[in-house]
Amino acid sequence: QDETINEQASILSSLPNVDAEKLHRLKARLITKQENNALNSTPTFTGHQEFYKDFILASGSHVFYEHLKNTIILEINQLSASSTFNDFLENEENDFNVDSTMRNSYFSNLKFLRMLAKFLGFIEALSYKMDSKMVSEGIIKAEIDTRRWYQPNFDLKQIVLRAIKENTLILAIPWMVKYISMLDYVTIRLPYFESVLEILFYIYYAINTQWEPNPNKVIIKFCLGWLFELPHFPSESYYNWLSNTSSADISKRLNSNWNHVQNGKTDSNLGKNQLTPSLDDVEIVDQTILYTFCPYLEGFRKLLSTNSLNSGNVAKHITPLSTVENSVDVTEKKLKCQLEEAFFNCQPVSVRKTVE
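For the sequence shown, full-length UniProt numbering begins at 1 and goes up steadily by one.
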């Protein structure tokens, strides 16, 4: 315990203008899984989305659910196609900077994709929602065995592999993470989704081992990290994979499709002079996009902010003060009230009512 205290003291001494209490709160939020209003809270429906969620629940129609799922899947496949941004990329003239039109198109597409993925995951898990804390481990294992051969209506594994091949991970990962986060406790542990998670584990590992200050990689890293920290996510899976599988084995098994995750390009021989830059190569992610699709970063910013004198955010406190009247004014007001009362006492009641 003394060593821990000394270690914390040394950390605080090395970080100037850091509030010890805020640092402790930040540590608690990073190591403790919380279910509501936290950095690792599960997605919720807000605003008009809540109306559609209630509408889906109120319908109670299996036919409607299947039709809605098929419609959403079709829309997701169309919006997530790499050809969506081909016209913008071909007009970039080998410049890896993008204009506001392309950035706005990416922002609106991804925002709509994440909303569709949220509803798709919600409908997918609607029949299997359960409180894992109230169910025994034996029942959960039996449920996994029963649904062992389950596969979703669209092949998530092929979608992520295609995104790796076509360099469109910054479009695929954020909505895919939202979809998986909506699945129930058992579904996310089924063999099919374990194979999908294995691919996501490699992407996360590759980005961490070949880290660069690239906003495109930051959004992928934060989205995956958020998914791995959700309360119903199998938290031990990543570390089991990390200890049992090497990156070389996975890279060999999936051929050269993985190379761009580490190198940033599909072919290491293609540099900035390639004919058409891919979506992952262009600098499309900015601070607005990052904070919109990773809203928990706002919590980090607030926790890390300090009230030092050098900061521009100065809290102003207003102290209420009671008004102290002059004794002469009080006497005059009292005399006026007495004169008014004496006047009305000499008049009919109707006069007082008329004046009032």
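For glycine and all other residues, C-beta sits at the position ideal for the given N, C-alpha and C.
Could you tell me the distance, in whole angstroms, from the CA atom of residue i to the CA atom of residue j?
| i | j | result |
| --- | --- | --- |
| Lys334 | Val349 | 22 Å |
| Thr292 | Asp329 | 59 Å |
| Phe344 | Gly47 | 59 Å |
| Asn208 | Lys221 | 8 Å |
| Glu66 | Glu75 | 14 Å |
| Tyr239 | Leu227 | 14 Å |
| Phe107 | Ile289 | 7 Å |
| Leu197 | Met182 | 14 Å |
| Ala206 | Ala58 | 44 Å |
| residue 370 | Asp19 | Nothing can be reported for residue 370, as the shown portion of the chain is limited to 1 through 356. |
| Met130 | Ser100 | 44 Å |
| Ile140 | Met102 | 46 Å |
| Ala125 | Tyr52 | 16 Å |
| Asp281 | Lys157 | 22 Å |
| Glu21 | Arg148 | 47 Å |
| Phe64 | Ala172 | 27 Å |
| Gly138 | Thr146 | 12 Å |
| Glu341 | Lys302 | 60 Å |
| Glu194 | Ala28 | 29 Å |
| Asn77 | Leu23 | 43 Å |
| Leu339 | Gln347 | 13 Å |
| Gly60 | Met176 | 26 Å |
| Arg25 | Thr245 | 35 Å |
| Arg352 | Lys336 | 16 Å |
Quick one: what does DSSP say residue i is sitting in, helix, strand or coil?
| i | result |
| --- | --- |
| Glu298 | helix |
| Glu194 | helix |
| Glu66 | helix |
| Glu283 | strand |
| Lys165 | helix |
| His232 | coil |
| Val160 | helix |
| Tyr291 | helix |
| Leu183 | coil |
| Ala20 | helix |
| Lys333 | helix |
| Met130 | coil |
| Asp99 | coil |
| Asp249 | helix |
| Pro174 | helix |
| residue 361 | Coverage of the chain is limited to positions 1 through 356, which leaves residue 361 absent and any answer about it impossible. |
| Phe344 | helix |
| Phe154 | coil |
| Ser80 | coil |
| Cys44 | A quick correction: the sequence has Thr, not Cys, at residue 44. Note: Thr44 maps to coil in three-state DSSP. |
| Ser278 | coil |
| Gln210 | coil |
Given a cut-off of 9 Å, decide if residue j and residue i are closer than it, judged by their beta-carbon atoms.
| i | j | result |
| --- | --- | --- |
| Ile170 | Phe119 | no |
| Ile180 | Gly121 | yes |
| Lys69 | Ile123 | yes |
| Ile164 | Ser80 | no |
| Ile284 | Val135 | no |
| Ile199 | Leu242 | no |
| Asn167 | Ser278 | yes |
| Leu190 | Tyr150 | yes |
| Ser235 | Glu229 | yes |
| Thr42 | Pro231 | yes |
| Pro152 | Tyr204 | no |
Starting from residue i and walking both ways along the alpha helix (DSSP H), at which residues does that stretch end?
| i | result |
| --- | --- |
| Gly60 | No alpha helix (DSSP H) contains Gly60, which DSSP labels as neither H nor E. |
| Trp241 | 236-244 |
| Cys223 | 215-228 |
| Ala125 | Ala125 -> no alpha helix (DSSP H), and no H or E assigned at all. |
| Val349 | 349-355 |
| Asp145 | 137-146 |
Are any of the Cβ atoms in chain D nearer than 9 Å to that of residue i?
| i | result |
| --- | --- |
| Pro213 | Among the chains of the structure shown, chain D does not appear; only one protein chain is present. |
Quick one: residues in its chain with C-beta nearer than 7 Å to the C-beta of residue i, no 5 flanking neighbours on either side, listed in chain order?
| i | result |
| --- | --- |
| Pro174 | Leu110, Arg114, Ile219, Cys223, Phe293 |
| Tyr128 | Asp184, Val186, Thr187 |
| Phe112 | Leu79 |
| Glu143 | Val186 |
| Lys217 | Ile207 |
| Ile56 | Ile123 |
Considering only residues of the same chain and omitting the five flanking positions on each side of residue i, which have a CB-CB separation below 8 Å?
| i | result |
| --- | --- |
| Asp286 | Arg103, Pro215 |
| His62 | none |
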